[in-house]
Structure formats: structure tokens, C-alpha cells
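This report refers to the structure that appears directly beneath it.
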Amino acid sequence: MFATTALTREDIGSTVPAGLFAAFVGAAFLTGLVGPSWSWSPAIFPSSNAVTFFPALTVPVAVGLCSLLVGWSAAKAYGGFGARGRHLGAHLLIYLNATAIIAVLFGLVAFVVSKGLAGATRGITVGAGVGPEVTLVGVTFSLPVNWPFVMNGVALMVEVDGVLPAIAGTVWLVVGAVLLAVPLGVGAAIYLSEYAAQGRFTAVVEIVTNGLWSTPSIVFGLFGAAFLIPRFGGTKSLLAGMLTLGFMLLPLVVITSREAMLAVPDEYRDASAALGVSKWQTIRSVVLPAALPGVATGVILGVGRIAGETAPILLTMAGGTFVPGGQTVDVIGGFRFTATPPFVANEALLQATSALPYQLYALITAGVGGQQIGDAQQFAWATALVLLVVVLSFYAVGITTRYYFRRRLHR
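Laid out in C-alpha cells, this is it:
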């Protein structure tokens with residue numbers, strides 16, 4: 007009876023169990039019960055699939071759990087228990103949870119950097135005229151930096167093999183997907199939020215778009231391989247990869263754009279209509295500018311996903327692991343006019359090329375590496391680091407764009 011009464015009191019029931027658990031864990035470590043050679047295999051798992059816990063995993067997990075429990079109890083005690091104490095305890099748990107997530111993220115990035123930095127930065131030189139020649143607006147000049155792993159391909163005549171063709175393929179994939187998905191997605195969102203009646207039709211469209219966004223990427227890859235490739239000469243091509251990733255990105259653009267437009271206050275529309283402005287002018291001059299930060303957020307999230315996809319690239323675009331001769335795909339220079347519709351052609355879009363996710367997959371599974379940079383594992387980690395930098399660069403561009411439109415909106 008005394009134990010029941012005591013434990014139901016918040017000051018005892020929330021502090022004593024946490025303290026006892028922390029004392030038990032500390033005693034297990036201090037007495038050597040859990041030492042360097044300790045291991046535990048729970049009997050609930052069959053012997054063929056036995057799971058064994060070792061100190062390298064058990065100790066950090068136990069310490070982290072004890073820290074959460076003791077910190078939560080201490081925060082409640084500091085707040086005097088009651089509603090204020092529970093409020094402080096909840097805030098502490100949320101803060102620690104967010105800190106742990108950020109720490110894990112930085113840990114993953116730091117691990118990739120530590121593994122790939124040596125291979126990715128090999129042979130870097132800085133100085134006037136040391137870099138490759140670049141032609142812009144008819145003017146040819148040499149870059150002041152030479153980064154072999156980023157500026158070279160895999161070829162016989164280079165000292166350090168690199169991933170330039172894969173970088174170019176990844177960038178063109180993302181650019182093509184965005185050019186396809188953003189206009190179509192924003193246009194569909196305008197119709198659904200501003201013109202269509204909010205009823206059964208819009209509800210069905212919302213369900214379908216949510217389902218498409220959650221569809222596994224391999225399904226989109228199979229669609230591209232079965233439907234798009236036969237219409238582009240029966241061979242894998244950059245254009246097929248662009249369209250496939252564009253279809254993957256389209257549902258998210260529709261969802262986020264529609265939500266951003268629905269979030270625009272109706273007072274904006276009413277004020278514009280009171281001035282005699284037409285509906286389309288209201289959408290173009292009032293609704294779209296107010297919704298652009300939300301649209302940019304959706305595009306950022308979508309680009310972060312499609313830039314790292316491997317299955318659609320493997321099925322629709324990828325040729326060999328490395329582009330022969332280390333040549334990058336020349337999309338801009340590949341355009342030419344023709345005498346037949348559509349009166350323009352681009353052979354570069356109909357060629358198979360490589361991309362960073364596919365090249366990384368091939369390096370890991372097949373063990374194919376550069377001849378000068380070292381073993382395949384080092385090449386793979388360096389490729390992973392470059393892929394991470396490319397994806398973060400896309401994020402930076404998107405976040406900057408969103409910040410720009412948000413500042414314009416609040417001027």
C-alpha cells in the first residue's frame with residue numbers, strides 16, 4: 007500500500023525509477039559485469055539468426071537512455087513538478103531529440119568526408135593557368151585551380167581518374183527533371199486550388215498524387231524502361247532518365263504547390279478582386295508570388311530525392327560504369343535544326359551516359375575502380391563525397407531561391 011501510494015506521487019514516481027535504472031546501469035559497468043569481452047545473445051531469436059549485443063553498441067545506447075531519463079526527471083524536479091515541471095521535461099526531451107538527430111546527421115557527413123576526402127582531393131593544384139581551358143562567350147581562358155577528381159574522367163591519358171562525366175550527367179538529369187516537373191506541377195496546382203471545385207475530384211487527385219509520390223523509385227524505372235525507351239530508339243538515353251525522374255518529381259511539386267496556394271489568405275484574393283483585377287491576373291500577381299516560397303520548398307525536397315536515385319538511372323539512362331574517354335555529355339552544343347518536325351534535334355539527349363549514384367553503385371557492387379586513384383573502395387568513397395557535395399549544392403541553390411522570394415514577398 008505504501009509503495010503504491012509513493013509511486014503515484016509525481017515527485018517520487020518520476021525520479022526514483024529513473025535513478026534506480028541509472029544506478030543499475032552504472033553498477034553493471036563499474037563492477038565489470040559488462041566488460042570489453044561481454045556479449046549477450048537473446049534466446050528469443052533462433053540459433054540460425056542469432057542476434058548478439060556487444061559493448062560497442064550496448065554501452066552508448068544504455069548511457070544515452072540513462073541520460074534521457076535522468077535529464078527528464080531533473081527537469082521536472084527543477085520546475086517543481088506539476089504542470090510546469092512536465093512542461094520543462096517535455097521541452098528538454100524535444101531539445102535532446104533534435105540535438106541527437108543533428109548529431110547523427112553531422113556524424114554521417116563527417117564519416118563520408120573522412121573516408122573520401124583523401125581520394126577526392128588528390129592532385130589539387132592552385133595557381134594561374136594550372137586548370138583546364140574554358141571557353142565562355144568566345145573567350146578562352148584557363149581556370150586558376152585544377153581539381154583532377156572533379157575535372158577529369160576515367161581515361162588512359164590522365165594522371166588521376168575522376169568523375170566529371172558522372173557529375174555532368176547528374177546535373178543534367180536534375181535540370182531536365184525540374185524543367186519538366188515544375189511547370190506542369192505548378193500549372194496543375196493552380197487549376198486544383200484556384201479553378202476546380204473543392205470536392206470529390208480534387209480529393210481523388212490528392213490521393214493519387216500522394217500515392218505516386220510514395221511509389222518506389224524502381225517502379226518509375228520500370229515504367230521508363232518499358233514505355234519511354236522503346237519510343238526513343240530502344241536504347242537507354244539521357245532524355246529517358248530526365249523524363250523518368252521528372253515524373254517522380256511531379257507529384258511532390260503538385261502537392262506542395264497546391265498546399266502553398268491554399269495557404270495564401272483569401273483576403274489577398276478579395277482585395278485584388280475589389281480593385282477589378284481579373285482572376286488570372288490575381289493568380290499571377292498575388293497568389294503565385296505569395297506561394298513561391300512553399301513551391302521552392304517542395305522543389306528542394308524533390309531534388310534531394312531524385313538526385314540520389316539509382317534504380318531509375320540504372321534502367322533508363324546508364325551505359326557503362328565510366329564514359330569511354332572521359333567525355334562529358336554536351337547537351338547545349340548538341341542542339342541542331344532540322345527540316346522535319348519538331349525542327350530541332352539533339353543527339354546528346356539520346357545517348358546513354360553515367361551519373362554519380364549509378365557510378366557509386368557500380369563501384370560498390372562490381373568493384374570497378376580508377377587505375378590511378380587507388381583501389382575501388384577509395385574511388386567509391388571519393389565518389390560518395392562528391393555526390394554529397396552535389397546534392398548539398400542543389401539544396402543551397404534551392405534555399406537561396408526560397409529566401410530571395412520570401413524577402414521580395416515581405417518588402
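With the numbering used here applied, the sequence shown corresponds to residues 7 to 417, in that order. Glycine included, every Cβ here is placed at the ideal spot set by N, Cα and C. Bear in mind that the values here come from a model prediction, so they are computed numbers and not experimental data.
Where the alpha helix (DSSP H) containing residue i begins and where it ends
| i | result |
| --- | --- |
| R342 | Careful: R342 lies outside any alpha helix (DSSP H), inside the beta strand (DSSP E) at F341 to F343. |
| V192 | L170 to I196 |
| R413 | A382 to L415 |
| V119 | G88 to A126 |
| S73 | P61 to Y84 |
| N216 | R206 to W219 |
| L39 | Unbroken run through L39: none, as it is neither H nor E. |
| E265 | L244 to L268 |
| V305 | L294 to I312 |
| A317 | A317 to T322 |
| I224 | S223 to F229 |
| T288 | K285 to T288 |
| V156 | P154 to M157 |
Residue i: first and last residue of the uninterrupted beta strand (DSSP E) it sits in
| i | result |
| --- | --- |
| V164 | Where V164 is concerned, there is no enclosing beta strand (DSSP E), given that its DSSP letter is neither H nor E. |
| L280 | It is worth fixing the name first, because residue 280 is Ala in this sequence and not Leu. Unbroken run through A280 is the alpha helix (DSSP H), D272 to A280; no beta strand (DSSP E). |
| F147 | V145 to S148 |
| A351 | V350 to N352 |
Local Cβ density within 10 Å of residue i, reported as buried at 16 or more and exposed below that
| i | result |
| --- | --- |
| L294 | buried |
| V67 | exposed |
| P42 | exposed |
| S79 | buried |
| T344 | exposed |
| T406 | exposed |
| V145 | exposed |
| A9 | Residue placement at A9 cannot be trusted, given a pLDDT of 49 that sits under 50; the coordinates are not used to answer. |
| A348 | In the sequence as displayed, the identity of residue 348 is Pro instead of Ala. Burial call: exposed. |
| P422 | Here the chain comprises residues numbered 7 to 417, so residue 422 is not present and cannot be evaluated. |
| I4 | No statement about residue 4 is possible, as the shown extent of the chain runs from 7 to 417 and does not include it. |
Contact belief for residue i with residue j at Cβ below 8 Å, rounded distance in angstroms
| i | j | result |
| --- | --- | --- |
| G304 | S263 | 6 Å |
| G230 | A269 | That belief does not hold up - the Cβ atoms of G230 and A269 are roughly 33 Å apart, past 8 Å. |
| G159 | Q365 | Not confirmed; about 11 Å, so no contact. |
| F341 | V335 | Rounded, the Cβ-Cβ distance is 13 Å, inconsistent with contact. |
| L179 | L251 | 6 Å |
| G227 | L321 | 4 Å |
| A388 | G122 | 4 Å |
| I173 | L362 | 6 Å |
| M323 | G247 | 3 Å |
| L393 | V119 | Going by Cβ atoms, the distance from L393 to V119 rounds to 12 Å, so no, they are not a contact pair. |
Nearest-angstrom Cα separation, counted from residue j out to residue i
| i | j | result |
| --- | --- | --- |
| V397 | S148 | 27 Å |
| G168 | A382 | 12 Å |
| T11 | L26 | With a pLDDT of 43 at T11, under the threshold of 50, the modelled position of this residue cannot be trusted; read the value that follows with caution. So the two alpha carbons sit approximately 18 Å from each other. |
| F238 | L249 | 12 Å |
| A194 | V188 | 10 Å |
| R408 | E265 | 16 Å |
| P271 | I306 | 24 Å |
| D276 | V292 | 11 Å |
| G424 | L245 | The displayed coordinates of the chain run from 7 to 417. Any statement about residue 424 would go beyond what the structure contains. |
| V177 | A302 | 18 Å |
| V151 | A134 | 8 Å |
| G191 | Y367 | 30 Å |
| A28 | S73 | 8 Å |
| V403 | L71 | 38 Å |
| I319 | Q204 | 37 Å |
| N216 | I261 | 7 Å |
| I312 | L281 | 43 Å |
| F411 | I108 | 27 Å |
| V140 | I196 | 42 Å |
| A96 | V166 | 53 Å |
| G310 | V115 | 15 Å |
| L170 | L39 | 54 Å |
| R206 | L185 | 30 Å |
Between the segment 285 to 299 and the segment 209 to 227, do three or more beta carbon pairs fall short of 8 Å?
no
Spell out a yes or no on whether the segment 30 to 46 and the segment 86 to 93 are touching, meaning 3 or more CB-CB pairs, one atom from each, closer than 8 Å.
no
Would the segment 397 to 411 and the segment 119 to 127 be scored as touching if the rule is three or more Cβ pairs under 8 Å?
no
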